[in-house]
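Since the structure comes first, as structure tokens, the remarks are kept for the end.
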Amino acid sequence: MNLNIALLPGDGIGPEVLAQAVKCLEAVEETFNHQFNFREAAVGAIAIERKGKPLPNTTLSLCQDADAVLFGAIGDPKYDNNPDSAVRPEQGLLELRKALGLFSNIRPVKVFPALIHNSPLKKEIVEGTDFTIYRELTGGIYFGEKKLNTEGTVASDLCEYSEKEISRIAHLAFKAAKNRSNKLTLVDKANVLESSRLWRKVVTKIGESYPDVTLDYMFVDNAAMQIILNPSQFDVVLTSNMFGDIISDEGSVIGGSIGLLPSASIGEESALFEPIHGSYPQAKGMDIANPVASILSAAMLLEHFGLFEEAMSVREAVDKSLRKKIVTPDIDSKSQYGTNQVGDFIAENIVDNGDDFNMNDE
Ligand code: IPM
Ligand code: MN
């Protein structure tokens with residue numbers, strides 16, 4: 001397969017972790033005879049510095065022309081501590097999601113058996129956790145009208161959803177549930193918010209066309225509690241932009257490190273793959289950031305294009321690195337391995353098991 005992949009390293013540890021994902025994709029390319037063409041562009045704080053805006057036109061058009069985008073991380077403390085700054089790095093990612101129509105953000109939350117003791121939660125609670133969050137990504141409070149009165153004393157952000165915005169992601173979530181354990185939980189705040197009541201109405205109606213899938217509803221405050229009390233009750237979680245942002249960070253705690261969780265953002269014409277973690281500026285350039293989330297995002301990219309064996313080989317190499325404790329310090333504080341060494345190990349262990357199998361057969 002021939003794929004054009006846009007690389008957007010972004011800020012902080014973004015470039016370091018993305019480089020490890022690229023190493024792994026190159027190993028896949030070689031092992032399975034594909035051709036991946038990589039082209040890089042700036043986004044976020046680095047793009048503000050170089051080109052004056054967080055999403056330069058050249059970056060956007062590179063992404064529009066590519067088959068997929070692989071994203072590093074975004075954000076810089078310089079802007080976080082300056083609420084008056086008119087331009088901020090995160091706008092680059094938000095504009096990109098909107099411009100590429102990436103309405104569905106898929107965030108799998110799983111526990112690696114090798115890391116069960118890394119979780120701050122008890123083993124009995126964590127065991128068997130395997131759910132996927134479908135987070136709406138181009139609507140809601142993130143993109144609603146923003147206001148600030150002239151005195152700068154009153155501000156508001158509108159949370160608006162249309163039936164269309166809800167139904168397109170709901171269909172994807174129901175389909176995912178059908179391929180998993182047939183359970184879908186809609187997380188909302190329908191006891192308070194009108195927009196949540198619209199979600200319930202639309203999702204309930206769509207549920208009628210997926211009779212195999214059991215649909216249940218949970219208020220987001222309760223969901224925040226249930227995710228750490230009893231995570232294995234969840235299969236597919238469907239939710240709005242902001243609630244999905246919050247509960248996915250919470251979900252990342254279950255597995256022991258936010259450095260492990262990948263995501264896919266899918267639209268009708270584009271797809272972007274990125275770790276759920278931020279730019280971790282304190283670790284920038286220190287070779288300590290965990291590259292696994294970025295590498296698993298690359299595995300999700302491969303799956304998106306139907307390259308399942310290839311994705312499996314990446315996942316198996318990741319599992320091996322965890323079993324052999326070739327891990328960054330977030331997983332094992334005494335670890336001597338850095339971002340690059342972990343990336344090298346995983347890339348070197350990408351093998352074509354299918355072919356071995358055939359050879360043994362003959
Ligand atoms: C995420 C991030 C982004 C978000 C930020 C960087 C804008 O937290 O992808 O979860 O809030 O969506
Ligand atoms: Mn987030």
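Residue numbers for the sequence shown follow the UniProt record's numbering, so the first one is 1 and each next one is one higher. Positions of the beta carbon are idealized from the N, C-alpha and C atoms, including for glycine. None of these values were measured; they are calculated from a predicted model.
Contact check, residue i vs residue j, beta carbons under 8 Å
{"i": "P329", "j": "V17", "result": "no"}
{"i": "V213", "j": "V187", "result": "no"}
{"i": "E40", "j": "P9", "result": "yes"}
{"i": "Q91", "j": "P54", "result": "yes"}
{"i": "I346", "j": "I288", "result": "no"}
{"i": "S321", "j": "I350", "result": "no"}
{"i": "S181", "j": "A190", "result": "no"}
{"i": "N105", "j": "G244", "result": "yes"}
{"i": "I331", "j": "G251", "result": "no"}
{"i": "A114", "j": "R323", "result": "yes"}
Boundaries of the beta strand (DSSP E) in which residue i is found, first to last residue
{"i": "F71", "result": "A68 to A73"}
{"i": "M218", "result": "T214 to F219"}
{"i": "Y134", "result": "D130 to E136"}
{"i": "Q35", "result": "Q35 to E40"}
{"i": "A298", "result": "From DSSP, A298 is part of no beta strand (DSSP E) but of the alpha helix (DSSP H) over V292 to H304."}
{"i": "T185", "result": "K183 to D188"}
{"i": "R107", "result": "S104 to K110"}
{"i": "I65", "result": "Position check: residue 65 holds Asp in this sequence, whereas Ile was assumed. Per DSSP, D65 belongs to no beta strand (DSSP E); it is in the alpha helix (DSSP H), N57 to D65."}
{"i": "G10", "result": "N2 to G10"}
Close-in-space but distant-in-sequence residues of the same chain around residue i (CB under 6 Å, 5 per side omitted)
{"i": "W199", "result": "I166 and D188"}
{"i": "P231", "result": "T129 and I254"}
{"i": "G343", "result": "Q20, K23 and P291"}
{"i": "S85", "result": "Y79"}
{"i": "E362", "result": "Annotation note: pLDDT 39 at E362 (below 50); position unreliable, coordinate value reported separately. Same-chain partners within the cutoff: there are none."}
Straight-line Cα distance separating residue j from residue i
{"i": "V292", "j": "S335", "result": "15 Å"}
{"i": "M1", "j": "I133", "result": "29 Å"}
{"i": "F103", "j": "D67", "result": "17 Å"}
{"i": "I13", "j": "Y142", "result": "24 Å"}
{"i": "E310", "j": "A299", "result": "8 Å"}
{"i": "K183", "j": "D235", "result": "6 Å"}
{"i": "G140", "j": "M242", "result": "7 Å"}
{"i": "E49", "j": "C63", "result": "20 Å"}
{"i": "V126", "j": "K51", "result": "45 Å"}
{"i": "K175", "j": "D249", "result": "24 Å"}
{"i": "N4", "j": "E26", "result": "13 Å"}
{"i": "L158", "j": "L94", "result": "16 Å"}
{"i": "D356", "j": "E163", "result": "For D356, the pLDDT reaches just 49, beneath the cut-off of 50, and the residue's location in the model is therefore unreliable, although a value from the coordinates is still provided. Using only the alpha carbons, I get a separation of about 49 Å."}
{"i": "E303", "j": "A264", "result": "10 Å"}
Cβ shell of residue i (< 7 Å), same chain only, five flanking positions each side left out
{"i": "D11", "result": "G44, A45, I46, A73, I74, G75, D76, P89 and S279"}
{"i": "G267", "result": "L100, G101, L102 and F103"}
Close beta carbons around residue i, own chain, < 8 Å, minus the five adjacent residues each side
{"i": "N149", "result": "A155"}
{"i": "A224", "result": "I246, I247 and E250"}
Distance cut-off 7 Å: residue i Cβ against heavy atoms of ligand 3
{"i": "D11", "result": "Ligand 3 is not among the ligands present in this structure, which contains only ligand 1 and ligand 2."}
Host alpha helix (DSSP H) of residue i (start-end)
{"i": "V327", "result": "Per DSSP, V327 belongs to no alpha helix (DSSP H) and is neither H nor E."}
- Message: Which runs of the beta strand (DSSP E) at least 3 residues long sit entirely within the region 221 to 274? Give them in chain order.
- Response: 236 to 239 and 262 to 266
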